[in-house]
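Colleague:
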Amino acid sequence: MTSDAKPLSGLRVLVPRGGTWGDLVARALREQGASPVVAPLVDFAHTSEEEKLVEALKLLEAGHYDWITATSSTVVDVLAYHHTVIPASTRVAVVGEATAAAFEHAGYQVSRTPSEENNTTAGLLEVWPEIDEGDVLRVLTLRSDVAKPVLTEGLIGRGHDVTQVVAFRTIGIPASVHTREDVESGRINALLVASAKIAREVAEQFPNLPEDTIVACVGPHTHPEAIAAGLLHNPAHERSELKRALIETVESVIDQSDMLD
């Protein structure tokens, strides 16, 4: 199949996150004929719970926890920043394609992930037999400041000893002048919006989108959050096969939990 025959040929797509997430999405877009432009609009800053995080990571490295959980690939960056190594006695449970890939790339074996049919935090609780065997487990849950504590609440509800820590904060970062010019001129003719925070950044940083620019919201709640942020969508694109193909391409490699900041 030639490039011209691929479903996303002709699209130059802004990918608003870097790291493992951006790599996975960019690769999938290229395979479908698009030209991805990785230009992160969000980054991650130190947590407001730094002292609590440092103490928890010391306990982690000492083998105190039976399990560690993560729903963001950024947790791997947090571990690396603090030079923390997960001991072999502590098992890893994660949600999200990008999260699992980041842990495995860092050399950690992931013991539990949700099923493909329900690849969510709630889905992980359904396929984690150890949490229903009666033993009280010591679990460290690391998450962002915007992620809902679904895993934490589910584990506490089952009687486990859970240490919950906000490991990082999500902040907006400005696009480069070159990227802004490419978006405003239409040379970048499609934008991915993968979270409420990214929706707000797109609305603020690109207030004068060309009418033909495709705004593709991925994730279960992103579209209404984008509308609330003031991000305009072209009604003519609502039934666009090209937009649908773009969304399906991203969602084929990135699941719901990876849409969280």
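When we follow full-length UniProt numbering, the leftmost residue of the sequence shown carries the number 1, and every step to the right adds one.
Think of the CB as a built atom: it goes at the ideal place given N, C-alpha and C, for glycine as much as any other residue.
Given Asp-182, which residues of its chain have a CB within under 6 Å of its CB, disregarding the five upstream and five downstream residues?
Modeller: Contacts found: Ile-188.
Colleague: Using the Cα positions of Ile-68 and Gly-157, report the straight-line distance between them to the nearest angstrom.
Modeller: Their Cα atoms are separated by approximately 17 Å.
Colleague: What three-state label does DSSP hand Trp-128 in the structure shown?
Modeller: Here Trp-128 sits in coil by DSSP.
Colleague: If you drop the 5 nearest sequence neighbours on each side, which residues of the same chain put their C-beta closer than 6 Å to that of Val-20?
Modeller: In the sequence as presented, Val is not what sits at residue 20; that position holds Thr. Contacts found: Ser-73, Ala-98, Ala-101, Ala-102.
Colleague: List the residues that DSSP assigns as beta-bridge partners of Ala-93.
Modeller: Paired residue(s): Thr-69, Arg-112.
Colleague: Terminal residues of the continuous beta strand (DSSP E) containing Val-162?
Modeller: Its beta strand (DSSP E) spans residues 161–172.
Colleague: Taking only three categories from DSSP, how would you classify Asp-23?
Modeller: The answer is helix: DSSP assigns Asp-23 an H, G or I state.
Colleague: For His-105, does the three-state DSSP call read helix, strand or coil?
Modeller: Three-state DSSP puts His-105 in a helix.
Colleague: Counting only the same chain and skipping the five closest in sequence on each side, list residues whose C-beta sits under 7 Å from that of Ser-3.
Modeller: Residue placement at Ser-3 is flagged as unreliable, the pLDDT there being 48, under the threshold of 50; the coordinate-derived value follows with that caveat. The residues are Ser-9, Gly-33.
Colleague: Using the three-state DSSP reduction, which class does Ser-144 fall into: helix, strand or coil?
Modeller: Reduced to three states, the DSSP call for Ser-144 is strand.
Colleague: If we count the other Cβ atoms within 10 Å of its Cβ and call it buried at 16 or more, is Asp-23 buried or exposed?
Modeller: So Asp-23 counts as buried.
Colleague: In this structure, does DSSP put Asp-182 in helix, strand or coil?
Modeller: If DSSP states are grouped into helix, strand and coil, Asp-182 belongs with the helices.
Colleague: By how many angstroms is the C-alpha of Ser-115 removed from the C-alpha of Leu-78?
Modeller: As written in the sequence, residue 78 is Val, which differs from the Leu given in the question. Near 26 Å, if we compare the C-alpha coordinates of Ser-115 and Val-78.
Colleague: What number of angstroms, rounded off, separates the C-alpha of Glu-49 from the C-alpha of Val-165?
Modeller: Whole-angstrom Cα-Cα distance: 7 Å.
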